[in-house]
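Here's the structure we're looking at; comments come further down.
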Amino acid sequence: MEDSKKLEEFQAKIDAEIKIEPKDWMPEDYKKHLQRQISQHAHSEVIGMQPEGNWISRAPSLRAKVVLLAKIQDEAGHGQYLYSAAETLGKSRDEYIEELQSGKAKYSSIFNYPTLTWADMGAVGWLVDGAAIVNQVSLQRTSYGPYSRAMVRICKEESFHQRQGYEIMATMAKGTPEQKAMAQDALNRFWWPSIMMFGPHDSDSPNTGNAVKWKIKRETNDELRQKFIDKTVQQAEVIGLTIPDPDLKWNEARGHYDFGEMDWDEFWRVVKGNGPCNKQRLNHHKKAHQKGAWVREAAIAYAKKQKAKQLVA
Amino acid sequence: MSNTDNQGGVWEVFIQSKPGLPHKHAGSVHATDKEMALQNARDMYTRRQEGTCLWVVPLEAIVSSMPDDNDSFFDPSDDKIYRHPTHYVMPDGAKHI
Ligand SMILES: [Fe+2]
Ligand SMILES: [Fe+2]
Numbered sequence: 018m019e020d021s022k023k024l025e026e027f028q029a030k031i032d033a034e035i036k037i038e039p040k041d042w043m044p045e046d047y048k049k050h051l052q053r054q055i056s057q058h059a060h061s062e063v064i065g066m067q068p069e070g071n072w073i074s075r076a077p078s079l080r081a082k083v084v085l086l087a088k089i090q091d092e093a094g095h096g097q098y099l100y101s102a103a104e105t106l107g108k109s110r111d112e113y114i115e116e117l118q119s120g121k122a123k124y125s126s127i128f129n130y131p132t133l134t135w136a137d138m139g140a141v142g143w144l145v146d147g148a149a150i151v152n153q154v155s156l157q158r159t160s161y162g163p164y165s166r167a168m169v170r171i172c173k174e175e176s177f178h179q180r181q182g183y184e185i186m187a188t189m190a191k192g193t194p195e196q197k198a199m200a201q202d203a204l205n206r207f208w209w210p211s212i213m214m215f216g217p218h219d220s221d222s223p224n225t226g227n228a229v230k231w232k233i234k235r236e237t238n239d240e241l242r243q244k245f246i247d248k249t250v251q252q253a254e255v256i257g258l259t260i261p262d263p264d265l266k267w268n269e270a271r272g273h274y275d276f277g278e279m280d281w282d283e284f285w286r287v288v289k290g291n292g293p294c295n296k297q298r299l300n301h302h303k304k305a306h307q308k309g310a311w312v313r314e315a316a317i318a319y320a321k322k323q324k325a326k327q328l329v330a
Numbered sequence: 027m028s029n030t031d032n033q034g035g036v037w038e039v040f041i042q043s044k045p046g047l048p049h050k051h052a053g054s055v056h057a058t059d060k061e062m063a064l065q066n067a068r069d070m071y072t073r074r075q076e077g078t079c080l081w082v083v084p085l086e087a088i089v090s091s092m093p094d095d096n097d098s099f100f101d102p103s104d105d106k107i108y109r110h111p112t113h114y115v116m117p118d119g120a121k122h123i
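Chains A and B, in that order, are what the protein sequence lines are.
Per the numbering used here, residue 18 is the first one in the first sequence, and the count goes up by one each step.
Per the numbering used here, residue 27 is the first one in the second sequence, and the count goes up by one each step.
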């Protein structure tokens, strides 16, 4: 009885666009959905540093190297902002990391693809960050206050990420025939995984109902995917690259691009852990975490010592 | 993960974006002591000259009112409309007041 009244008040707030803050009453499912979504988002930012980190030592110029470093450092920051938001839901950062390392929590499948050439740094920035931006711009209006604020901060930082990637693609596309071929190859490999970043079709997406009703998600997977494709086609044309989809064409009546069907078998194979790099990504995360254990221990020991000194003095 | 291997406590971060403005909550960091909290906050929240001053506060030092109590907690101000300038009747023709 009490709960149904609270639920009604909760929904009324959501409908009136009043943000939900950590200490407010919220339905258990709302909290669970947010814990899952925000932590997955955080894990994606952190795991996403690996495919790009792969090219730091081989960046083709000093300029390219400092840009890539700054971009990856931003992604580390994004992970931290999101863990901070997730922690306001009553679960510790250690627990979230434990869930990632045990495989219980997922992260975006796009990061389970390898980055084989320098052009992949272009494709990742242009397409992967581009897709992430479309999603994150929409999430700035999410109903949970701390998540929304993290998204605002992240969106401010993202625009350089996509631009630096597109710049790499544009430069290679007007380079030697080999360089142009490399750029086209990167686009070929990253196109479909990028548009699958938005997740399954709305009709196959069981969590969409509540997430939209509670305004955790403001637009559906298919709406966001369409937005991304509509923006990106022209950008590919400008630099003379071809999006690898024979069914892609402008639909005057819809006012949108039509596009071909994605390979959902591949999507689920990668989500379930059998993509090209799933094991490598998680193993690397565990290894780095273990290697840092002595630093955390030393920091805690130091803090204890300082406290003891203060008490004596 | 054991008790001896954790990421330190949570510190809330407040940034003043330029002199004269109030400090505004930005998010949080993990750290085991004050200096680390301050440095982590700098690295995380001011990579683009977002601030001229940073505060870090241990989460447990913050005392918050509870939204569930809002009605009774903020109620004392409800009937004191004389705290608002619009409560007062000014003579016709008076200017700059
Ligand atoms: Fe990011
Ligand atoms: Fe990014």
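The beta-carbon is built from N, C-alpha and C at its ideal position, and this holds for glycine as well.
Note that this is a predicted model, so its numbers are computed, not measured.
Along the stretch 54-66 of chain A, there is no position whose C-beta sits under 8 Å from a C-beta of chain B. With a beta-carbon spacing of about 5 Å, E62/A and E92/A fall inside the 8 Å limit used to define contacts. For I55/A, the uninterrupted alpha helix (DSSP H) run begins and ends at E45 to I64, by DSSP.
With a cutoff of 7 Å, H178/A counts as near ligand 2, since its C-beta is closer than that to a heavy atom of the ligand.
The beta carbon of R313/A sits closer than 8 Å to some beta carbon of chain B.
If you check the C-beta of D137/A against ligand 2, you find no heavy atom less than 7 Å away. Taking 8 Å as the threshold, the shortest C-beta distance from S211/A to chain B does not fall below it. A Cβ-Cβ distance of about 4 Å is found for the pair Y124/A and H60/A, placing them in contact under the 8 Å criterion. Beta-bridge analysis with DSSP links V89/B to no other residue.
Annotated as distal: Y47/A and D59/B, with beta-carbon spacing of 8 Å or more. Taken through DSSP and simplified to helix, strand or coil, H110/B comes out as coil. Look at H51/B here: in three-state DSSP terms it is strand. Of all residues in the stretch 112-137 of chain A, those with a C-beta nearer than 7 Å to a C-beta of chain B are E115, reading in chain order. Residues of the stretch 108-121 of chain B with a C-beta less than 7 Å from any C-beta of chain A: none at all. Closer than 7 Å to some heavy atom of ligand 2: that does not describe the Cβ of A93/A. The shortest CA-to-CA distance from R180/A to any of G147/A, A136/A, I212/A and F128/A is the one to G147/A. Taking each of T237/A, P210/A and W209/A in turn and checking the Cα distance to S220/A, the smallest one comes out for T237/A. Interface annotation, S101/A: in contact with chain B, CB-CB separation under 8 Å.
Distances between the C-beta of E62/A and the heavy atoms of ligand 1 include at least one below 7 Å. Of the candidates W208/A, E278/A, M43/A and V288/A, W208/A places its Cα closest to the Cα of V250/A. For H301/A, the uninterrupted alpha helix (DSSP H) segment begins and ends at N295 to K308. Using a Cβ-Cβ cut-off of 8 Å, Q181/A does not count as an interface residue toward chain B, since no Cβ of chain B sits closer than that to its own. Residue pairing from DSSP places F40/B in a beta bridge opposite H51/B and W81/B.
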